[in-house]
Structure formats: C-alpha cells, structure tokens
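Engineer: Chains as they are written, first to last, in the numbering used here: chain R, 526 to 917; chain H, 526 to 917; chain Y, 526 to 917.
Just so it is clear, CB atoms sit at the ideal spot from N, CA and C, and this is done for glycine as well.
Treat the numbers as computed from the prediction; the structure is a model and nothing was measured.
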Amino acid sequence: MTAVSGPVSEALAELPLVDHHCHGAVTADLTGGEFASLITEGEAWPGVSPFDSPVGVAVRRHCAPLLDLPRHAPPADYVARRAELGWREVNRRFLTAAGAEVFCVDTGYAPHPVTSPAELGRAAGAAACEVVRLERIAEAVAARGVEADGYAAAFRGAAEEAVRRPGVVAVKSVAAYRTGFAFDPAPPTGAEVTEAAAGWLTRGGRLADPVLVRHLLWTAVELGLPLQLHTGFGDADVTLHRADPALLTDWLRLTSGTVPVLLLHCWPYHRQAAYLSAVFAHVHLDVGLALHYTGPARCRAVLEEALEITPFRKLLYSSDAYGVAEFHHLGALSFRRGLAALLQARVDADELSLADALRIAAWAGRDNARRLYGPPVSEPARDPSGRPTRKV
Amino acid sequence: MTAVSGPVSEALAELPLVDHHCHGAVTADLTGGEFASLITEGEAWPGVSPFDSPVGVAVRRHCAPLLDLPRHAPPADYVARRAELGWREVNRRFLTAAGAEVFCVDTGYAPHPVTSPAELGRAAGAAACEVVRLERIAEAVAARGVEADGYAAAFRGAAEEAVRRPGVVAVKSVAAYRTGFAFDPAPPTGAEVTEAAAGWLTRGGRLADPVLVRHLLWTAVELGLPLQLHTGFGDADVTLHRADPALLTDWLRLTSGTVPVLLLHCWPYHRQAAYLSAVFAHVHLDVGLALHYTGPARCRAVLEEALEITPFRKLLYSSDAYGVAEFHHLGALSFRRGLAALLQARVDADELSLADALRIAAWAGRDNARRLYGPPVSEPARDPSGRPTRKV
Amino acid sequence: MTAVSGPVSEALAELPLVDHHCHGAVTADLTGGEFASLITEGEAWPGVSPFDSPVGVAVRRHCAPLLDLPRHAPPADYVARRAELGWREVNRRFLTAAGAEVFCVDTGYAPHPVTSPAELGRAAGAAACEVVRLERIAEAVAARGVEADGYAAAFRGAAEEAVRRPGVVAVKSVAAYRTGFAFDPAPPTGAEVTEAAAGWLTRGGRLADPVLVRHLLWTAVELGLPLQLHTGFGDADVTLHRADPALLTDWLRLTSGTVPVLLLHCWPYHRQAAYLSAVFAHVHLDVGLALHYTGPARCRAVLEEALEITPFRKLLYSSDAYGVAEFHHLGALSFRRGLAALLQARVDADELSLADALRIAAWAGRDNARRLYGPPVSEPARDPSGRPTRKV
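Here it is in structure tokens:
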C-alpha cells in the first residue's frame, strides 16, 4: 500500500505512460458541489459528502499536495484552493503530474465543457489521440435524418469518415450500457437492421435497440481499428451483471482473428476479463476507473487479481479519468504504485527476475499500447521545442 | 490477521456497536450434536465434524476463553463446558462480550426456542429493537384466512400494524430465498396480485410466488421504514447466483428516493453490493454472516474488498448471528479486528489520516446505523440503574 | 509468496499428495512451438510468447532448476535443454518432484500422445488410478452405432463396463463445456432421451445435447462412484459464466445424499464452490489448474478465498496438469507453498493451533481424497521393490 522502493518502483515512476482510454478535463471553475458531483459515479447522497469515500480520501491525500496543500487537507480547503488556482492551472498541474506521453481520449461523452484531445495534450505536455465512440456516430446519423433502409450504409459511412480523421486510433462502444452483453452474437441481417432502424428512428432516444447494438459492434469489426468496450464498473446507468465480459464469449469466438478488443475497466469482473485475455488472441484488458476509485490503497490488490492469469502483453494502462484532472493523475499514480508493489514483491521473493519485472512494467504501462495501436500512439509527436516526453 | 495495535484498534475495541441485523440466541442447553448443527449453514456432513471448519476453529480460538477454557480447546471440552455453565450464563457471557449498545433483532426466523429482542437485550446489557420479516406477516395473513381479492389490503394492514409496535425499526425481506432477484422490477397491478394470491391461498406453503414477492417488496417501500434485504450467502435454501444483489439494479432504479435499502451479508457478491451503494443514494450494505463464518482470519480481506468503492457512510455492522451467542460475539470481534487492521494499515502508510480513520470506524460500527434508523437505535434506553452502555 | 519456513511448511513439503485429477504427460520430444502451445489454455498469440505469462514465469523459475538450468532461464535455453534431456527424463524429473503417492488420471482427453495412467505412475514412482470421462463413453457408444431407443441402455452398459475396469476410482463430466450448468435439474424421461438421441445420432458431432448431458449426469449418479465435474477456468471452449458451479444448485439439491460430487478448478468461482461445499454434504472442491496457471505468486491468495468457508474435509488437491509434466510439479509446488503460507500465518497469529494446522494440511493434500475414493487411492500399491512412496 505504501509506495515501495526499489528498481521496479523507480522504473515505473519514470516511465512515460500511454493512457489508452480517458476523457477530457473540465474547462471551467467548479463550485464545491460541482467538484463533489464529479468525484462520484453515483447519485448525490443526501447529507453525505462524496469526499467521504475511498476516492475522496485519495484526492485529499495525493492531490492536495499538488495544489500546495498539506496531505489530507479538509474538503473545504481543497475546493477553495482549486478555485483560487483556476481550472487552467489545476488541469496543468495534474495532467503533467500524470506523466503520460500519450492520452487516447474518448470524445463521445461530455456532459460538461471539457478539453478537446488537443487541449488535453497541450495542458499535459503530451501527445493526444482520439477514440471515436460509435453510439454517438449512430445517434448523429439518426439526428441528421435517414431512411430506415439507408441506416446501415449511412452509419457505416459516418463511422468510416470519423475514423479517417487524423489522430483517431480506436473506436469504442458502450454496448454494456445499452443492452448489456447477453446478446445474440451473430451479425444481424440487413433486413433485421432495417426493421430495427425503422423502430428506433420512429421512437427516437438513444441507441439501445439490441439489433442495432449488435450491428454497431459488427460494423466496428469491419472498420479494422482496435475496439474498446466498456465492461463492468460505471455509473448508475450500467447494470453491472449484464456488463460482465464473460457474456461476450460467444461474440469473441466469432470475432477471433479480427480486430484487437480492449476490455475497459472490468472490475469486479477483472478475473473474467483475464480469462478471456488468456484464451483469445485478440482480447486485452485494463483496470481503469477502478484505479482511482479504489485508490492506491487497493490498486495493488485489484492488479494482483487481474494479473493472476493475464499474459503480460495483454494488460494495458488507462485512467478512464473524466472531468477532474485529479483522476488522470490518481489513475497513473495508483497504477505505478500498485504495479510496482506487485512486481517488486515478486522480485524480492525471487519469483520473478528483475529484468523480467522491468519488461513487464514497461509493457503494461506503455509498450503494449504502442504495439496495439501503432502510430501515432507508438510515435507521439514532440512539442515544437523538440522537448522529449516529460518524466515524472 | 493478528489483532493489530494502535489507536484505531483501541477505538474500535471500545466502540459500542450497533448490530443492525441479528437473531435470537437459543434458550436451551444444547447437546454436542445440536451445538454442531447450529455452527454450520449446511446439511450434516456424515463423519465430518462442523468444528472442522473456519468457523469451528474460530469458536475454539475466540470463544473457548470466555468459557474459561484454553484457546483452541477440543470440541468435546467446549461442548461439555457450555452445558456445565448453562445456556443463560453462556448467552450472558457472549452477548456482553459483543459490546453492542443496540441489537436489531429479526424475529421472523426461529426454528429453535430463542431469546426475544427484550431477552437478548437484557442478557447483553444493551438495548434491543425489532426487525419485522415481511414474509412471515404475509404467511400469517394467509394462515388466518383471507379472500384473494382482500389479500393486498390485509397484508398491508398487518404489516402496518406490525411496524407500529414499539421498538420496530426496520422491515426485512427474504425474497432472495423465495424467488431470487431476477424479477420484473415493476409493481404488480391489483389484478395480478389478486390472481397470484388466489393461486397461493389454494396451494398453501410458504410465500414464493413471484408476483406476491414483488408485491411484498413494493409494500415494504410504502411502509416507509428502512428495508433490509438478505443477499448472497445463506443456508442451502438459497440459490446463490439468484441472490446476487446486482440483479436488483432495475428495482433499485425504480425505488431511488424512497426508503433506505440495506443489503445484508452480500458475500461473495460484496463488490457488486459496494457498486450499488456507490451509485444509488438509498443503498447500504454490510458483510454480516461472513464475519463469523470466515472468521477473524479472513475478515479484513472481505472488508477490504467490500470497502474498495463503498462510501464510508454506507457500510454498517451486523453479525447476522442466529442461535448460538458465540456468533454475536464472533461477528463483533471479527468486525472490530478486521476493520481496525484495514484502517490502521492505511494510517501507517499515510494513505488516511488518523482522524479520518477514527471517524470511519465510528461510522461503520455505530453512527451509520444511528443515522439511518433514528431512535431508538440512535438513543438506546439505558438500564434502570442508568448504567451507561458497556464497553468491551 | 516466498516459501515460508516452519513446521507446517515442512510437513507439507514432506507430505505424499493425492493428485485426484490430472492428465497424462506427452510422450514425445517437443519443439519450442509445441512446448509453448502446451503452456497456455488459449489460442496462439501472434507475436507474443506464451512464456510471457504468469505460468511461463513460474516454469522458468521453478522448473528450470530441475533441468539443471539457472532460475529464470531464458525460454530458448529452457526448450533446448528439455529437448536435450528427452521426454522420458523430463517426465521422470518433474513427476517424481511432484511428490504424489497417487495420481488419478482422466483418460478422456488426449489430443497429444500422452502417458497412460500406468506409464505416468511408473515415471513418477507412484500409484496411478483412472478417472473415466463419461462424454467419451457416450461418444464411443454413438460411434459404434446404436438405435436411438437403445442409447440409454447402451450408454449405461458401456459406462458400467468402463468403471468396472481395475483402477477406476471416479467418473468425470465436462458438462460445463457442452451445455454449461443452467440446465433443467430433473432427470429426463426415457422418451426424452430417445428423442434427443435420435437427433444427436443423426447430426453426429460431440455430445452437447442438453437432454443427453442431463441424462449423462443422472447416469453418473446411478453408477455410484464419486463424480468429478469441470467448473470454471478452462480453455477457449468453455463459456466461463455458464460454468459457474452456483448454477448447479438445484441439481445438487436433487442429488443430495447420493454420490460425492467433486467440483474441479472452480476459479474464478471458487467462493461459489466453497459455499456449495459448506451447505451440501456431498460437495467437495479443489482449485486445480489455477494452481499452476496463477503460480506460486498467487496460489496462497486463491486458496485463502477458497478456504474462507470451506469445511476442512471438503478441500482436495489436484493439479489438473495436462501435457507437460512441468504442470504436475508446479501444481504440487504451488499447493504446498500456498497452503503452508496460509496455515503457518494463522498459527503464527494464534488463530489456529499447530496440531490443527498439521491435520488440515494432511487432509487437504491427501486424506480427504483417501477418505472419498477409498482403495486403491487410500492404499496405493508399492512398486515391486517394496519401496515406500517417495518423499519430496
């Protein structure tokens, strides 16, 4: 739980990470209430402060010092100091502290005004790439107006256009939220898609039709880019057990040999995700979101479980930070400390050689993402001064 | 695993607990076989002693000294000494050792002669409140005789009468046992209830009709008291995966903003329960039953998982002890030691301030229950001598 | 994680184990690619070495020294040395190092040329028994040709014949792979079996018809031998969540009081399996397969969870090793070290007496299997020289 010392810890502290899935940071000053609502995935708790939670404790412990406050600063002091510094400086401090060389930013969820990928990268002194959320593309197609029998082609065309934009490195689906994973794994027929589209285009609302969600996933496969899938932990809009990645097994069998599939978050089904990554060549995982929500106090334990059988080239790092840049920092800190503690203990027990531990650390924190996504993730642009990617 | 020392440990050792869900202790002397059958949730194991289990080991280690026996006393000695002391003295010793200021007693399950709440409180030198099990109310209504179209009103009336009794602080449902949680979350219509009641009143037996179980839960919401729900671990009558609290998600969405919901036990789905408590304002949890069955050796580990994302105002203490007063004691001991070890380690690692750790300890052990249930839980009556609630 | 020292550790290191479920070791020299494919449960990972995994690291750490290589030897050296020694010597070294007095060998899965039980026993200097895989019997009956209405009797006859062979101690089903466990728990009628058989005998392929799988399980119960069931973790052919042993609950209720049921592997549902073993007299479990795949680094953690509520007479040891004899050794090593660390820590914390710890170690490693299977497991034949079962 404490920051361990030793060569693995030092290597991970220095390693420029690839945060392969995150969101923007808010570009506005926040009231105490607004900040509090951004550090929980849940409803407001009447009479209960979101600071009184594992992530709230972690923010006060690990983020307060970056705002020049003492460790464990009271919430009121924290919020006041944050406002005093202003959102630009706050974002700059936490985003640079994250020590990532690349952020892959999901631009499809932004109920608040947040940084664009480029703005996030600039504030962090890092490169930024984009992850296209396919449900948003489909919903834009519907919003623009389309005939039911033209929906499939229009969605495919819009998705292709979206992923051709510079800097796009992956697509993402939130099928977990919309239908869960207990769906018919086969691709729907054209007629089925047209019929389902007719219903949805009449009803309106967000994309949650089971046929269209399956169609979206199969279209994703055809796009050829790595596919990120939300699994497990999320906000109150997810039904947890329907987001168990094990439910994807039949679909993973059918998509074997196609695009890389990245299971995001996974907690509390990270062992199920690990199993899938161990038996399917195209499956990878991370434990983002859980990294900052469980915090440094439990991050090693979650990683220990996730890594019980996961091949070492299959684990990636993501923060899944949204809204407050504290989370881009906390995710990175939890990951570095948790993985270092895990690996150093194995080295100390002579279960793992130091050379292997250092390779595994670099793979998980950076190289697996580079390998999977290729450029620009693997060759991030430097800033105009030619400054190398910063170290933390 | 060992009892840690330090200020958190001392504070938790002294803290008068609220055991917000337990049952009575047997009011009879027990043979060895009777005692053994009460320390397992399962069938008799031919040729296998229930003492050869984690809870059996914990009883011999932590309960034997309270009967003036050496630690790890042999089962035969234990049972003999228990009989020698007599059930009144045995109950008194363990119930006072539990160090609770209030016990909330589920009076709806008592296949053995057990203490009433008042008797339990007297033996413990503590206050006792009552939790009304709604299935028992419904079954009493059916047993008294009612027309199908009068069932809904009769049940509602009987439930209202039951919760008006002095000392009643909550209602409880064992829907987990009867249908599991994969039910239609919407309230049934009056016609549906009448039709289902007609079937049940003809068939007889316990309440297990899915429509009537849903009706019971929605009636519970209308009663306005906190609602305790059995989830996860129980005896052979539960089908574990159908008692996964994640299956309640849709129902929790519909009941958001109504009564507090207390997820009891939860193991091995305590992470799922934690998720629900983090995203729904009205959801709380405990890890009762698992506390004594896994024992002090694993209690910290279970609490660590349960607390990964649970807000600190959402965790409560219960023993779920039934039958043998050893369990009222063991639950409290496991909870105190497990939570102290968890919190003290975070303080030692500077992940948590001592002041925060002390607040969290008091919240989980007592104050969250006081806040949720109000009086008389929050203002337990003292005994006639005005003796303050005992310390342990 | 490190090998702990102390009396429990010494006792477990010396204990002749009963490996109550394993497979044969390959009787051929292996290329690097062939070896690599045998140390993963999954598909080939393009560009990724199976050595870069927890089990690969464990092989290099704990198996290399038995081939006279340094700890953490590079994969290429490992494979070269293995080829140099030849398969007979490799098998002999690892199988003797496993330190088992009896291996119970599932002979129903052998895509490679592997040792027979007798050959495995001879190479190990141990006794070997046989476990009959019932799906294979059923498929042989179908392959020989049978009328649909004669299938039930033919299968029953063939199974009875198979289990009468000397050395057969148990039957096994891979229903988890074929249909999963969410089946109708009741025995199918004769007419249903005939109808299902007619379909299967026409279609061909492996036995995966739900009615016939149920019929197979109920036939297993009638055979009267202990029944081993694959649950949880396996290769890409299993759908993990359908292999959750909790899904067996209704079937276990119906079979209560019949044959012992052995839940194999269980991970990541070992807590669910533990629950079943705690409430049903006939249910037992092991965490085979996970022992070598998670390796010594995580074996204690998995055992800690599995043992949270499992009665101590209900846990057995198996390696579930297949193909490479490294796994027969690694399973045993992980089990001895993991269980020793768990028990010794409890003794050190005075949660468990040393005498109890030693009993539990012997029960789990050997005596529970002896009790359950009886002779020849409980009275293994010695080799012709009368040499006692070797110690490790």
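With 8 Å as the limit, tell me which residues of the stretch 775-797 of chain H have their beta carbon closer than that to any beta carbon of chain Y; keep them in chain order.
Structural biologist: Here the close residues are Trp792 and Pro793.
Engineer: Distance, Cα to Cα, Trp888(H) vs Leu841(H)?
Structural biologist: Trp888(H) and Leu841(H): Cα-Cα distance of roughly 8 Å.
Engineer: Quick check: the stretch 747-758 of chain H against the stretch 787-801 of chain H, are at least 3 beta-carbon pairs closer than 8 Å?
Structural biologist: The answer is yes - the stretch 747-758 of chain H touches the stretch 787-801 of chain H, with three or more Cβ pairs under 8 Å.
Engineer: Can you give me the start and stop residues for the beta strand (DSSP E) that Arg585(R) sits inside?
Structural biologist: It is not in any beta strand (DSSP E) - Arg585(R) carries neither H nor E in the DSSP assignment.
Engineer: Can you list, in chain order, the residues of its chain whose CB lies under 6 Å from that of Gly557(H), leaving out five sequence neighbours each side?
Structural biologist: Closer than 6 Å at Cβ, skipping near neighbours: Val604.
Engineer: Tell me which residue opens and which closes the alpha helix (DSSP H) that Cys791(R) is part of.
Structural biologist: Looking at the DSSP string, Cys791(R) is not in any alpha helix (DSSP H), and its letter there is neither H nor E.
Engineer: So, is Asp709(Y) buried or exposed, given that buried needs 16 or more other C-beta atoms within 10 angstroms?
Structural biologist: Asp709(Y) comes out exposed.
Engineer: So does Pro713(Y) have its beta carbon nearer than 7 Å to some heavy atom of the ligand ATP?
Structural biologist: With respect to the ligand ATP, the structure offers nothing, as it holds no ligand at all.
Engineer: Quick check on Lys916(R) - is its C-beta less than 8 Å from some C-beta in chain H?
Structural biologist: Confidence at Lys916(R) is low in this model, with a pLDDT of 34, below 50, so the placement of that residue is unreliable and no value is reported for it.
Engineer: Counting contacts by CB-CB distance shorter than 8 Å, is Tyr702(Y) in contact with chain R?
Structural biologist: Judged by the 8 Å Cβ criterion, Tyr702(Y) is not in contact with chain R.
Engineer: Taking C-alpha atoms, which residue in Asp845(R), Ala622(R) and Leu868(R) lies nearest to Tyr634(R)?
Structural biologist: Closest option to Tyr634(R), Cα to Cα, is Asp845(R).
Engineer: Looking at the C-beta of Glu539(R), does it have a partner C-beta in chain Y at a distance below 8 Å?
Structural biologist: No, Glu539(R) does not count as interfacial toward chain Y.
Engineer: Could you pull the DSSP bridge partners for Phe628(H) from this structure?
Structural biologist: BP columns for Phe628(H) point to Asp544(H) and Ala653(H).
Engineer: Are the beta-carbon atoms belonging to Val736(Y) and Ala721(Y) less than 8 Å from one another?
Structural biologist: In this structure, Ala721(Y) lies closer than 8 Å to Val736(Y) by Cβ.
Engineer: Name the two residues that bound the continuous alpha helix (DSSP H) containing Leu537(Y).
Structural biologist: Per DSSP, Leu537(Y) belongs to the alpha helix (DSSP H) from Pro532 to Glu539.
Engineer: Straight-line CA distance for Val693(R) to Ile662(R)?
Structural biologist: Going by the C-alpha atoms only, they are around 14 Å apart.
Engineer: If you compare alpha carbons, which of Val584(Y), Glu829(Y), Ala677(Y) and Thr764(Y) is closest to Val699(Y)?
Structural biologist: Closest option to Val699(Y), Cα to Cα, is Thr764(Y).
Engineer: Whole angstroms are fine: how far does the CA of Ala598(R) sit from the CA of Pro532(H)?
Structural biologist: Each residue's Cα considered, the two are about 21 Å apart.
Engineer: Taking only three categories from DSSP, how would you classify Ala874(H)?
Structural biologist: Ala874(H): coil per DSSP, three-state reduction.
Engineer: When you compare the stretch 853-872 of chain H with the stretch 816-834 of chain H, are there three or more beta-carbon pairs, one atom per stretch, that lie closer than 8 Å?
Structural biologist: Result yes; three or more Cβ-Cβ pairs closer than 8 Å.
Engineer: Three or more beta-carbon pairs under 8 Å between the stretch 770-777 of chain R and the stretch 794-813 of chain R, yes or no?
Structural biologist: They touch, by the three-pair rule.
Engineer: For Ala507(H), which three-state DSSP category applies?
Structural biologist: The structure shown has nothing for residue 507(H), since chain H only spans 526 to 917.
Engineer: Whose Cβ in chain R lies nearer than 7 Å to the Cβ of Pro836(H)?
Structural biologist: Trp570, Val573, Asp577 and Ser578, listed in chain order.
Engineer: Given this structure, state the Cα-to-Cα distance separating Val688(Y) from Ala653(Y), to the nearest angstrom.
Structural biologist: Distance between the alpha carbons of Val688(Y) and Ala653(Y) is about 15 Å.
Engineer: So the alpha helix (DSSP H) His809(Y) belongs to, where does it begin and stop?
Structural biologist: Where His809(Y) is concerned, there is no enclosing alpha helix (DSSP H), although the beta strand (DSSP E) it sits in stretches over Val808 to Leu810.
Engineer: Would Leu741(R) and Glu660(R) qualify as a contact pair, given that the criterion is a beta-carbon distance under 8 Å?
Structural biologist: For Leu741(R) and Glu660(R), yes; Cβs fall inside 8 Å.
Engineer: Listed from N- to C-terminal order along the chain, which residues in the stretch 873-887 of chain Y have their beta-carbon within a distance smaller than 9 Å of any beta-carbon of chain H?
Structural biologist: Hits within the stretch, in order: Asp873, Ala874, Asp875, Glu876, Leu877, Ser878, Ala880, Asp881, Arg884 and Ile885.
Engineer: Note down the Cα distance separating Val630(H) from Ser530(H), rounded to an integer number of angstroms.
Structural biologist: Rounded to the nearest angstrom, the two C-alpha atoms are 32 Å apart.
Engineer: Start and end of the alpha helix (DSSP H) containing Val699(Y)?
Structural biologist: Neither: Val699(Y) is in no alpha helix (DSSP H) and is coded neither H nor E.
Engineer: For Tyr800(Y) versus Phe758(H), is the C-beta spacing smaller than 8 Å?
Structural biologist: Yes, the pair counts as a contact, with Cβ atoms nearer than the cut-off.
Engineer: Note the first and the last residue of the continuous alpha helix (DSSP H) segment covering His817(H).
Structural biologist: That run of the alpha helix (DSSP H) goes Ala815 to Thr819.
Engineer: Out of curiosity, what's the CA-to-CA distance linking Glu876(H) and Ala803(H)?
Structural biologist: Answer to the nearest angstrom: the Cα atoms are 20 Å apart.
Engineer: Answer with yes or no whether the minimum CB distance from Asp760(R) to chain H is below 8 Å.
Structural biologist: Asp760(R) counts as touching chain H.
Engineer: Using a 10 Å radius around the Cβ and a threshold of 16 neighbouring Cβ atoms, would you call Arg871(Y) buried or exposed?
Structural biologist: Answer is buried; the Cβ neighbour count reaches 16.
Engineer: Identify whether Arg912(R) lies in helix, strand or coil by the three-state DSSP scheme.
Structural biologist: Reliability of the predicted coordinates at Arg912(R) is poor, the pLDDT of 46 falling under 50, and no value is obtained from them.
Engineer: For Thr565(H), does the count of other Cβ atoms within 10 angstroms reach 16, so buried, or fall short, so exposed?
Structural biologist: Buried is the call here.
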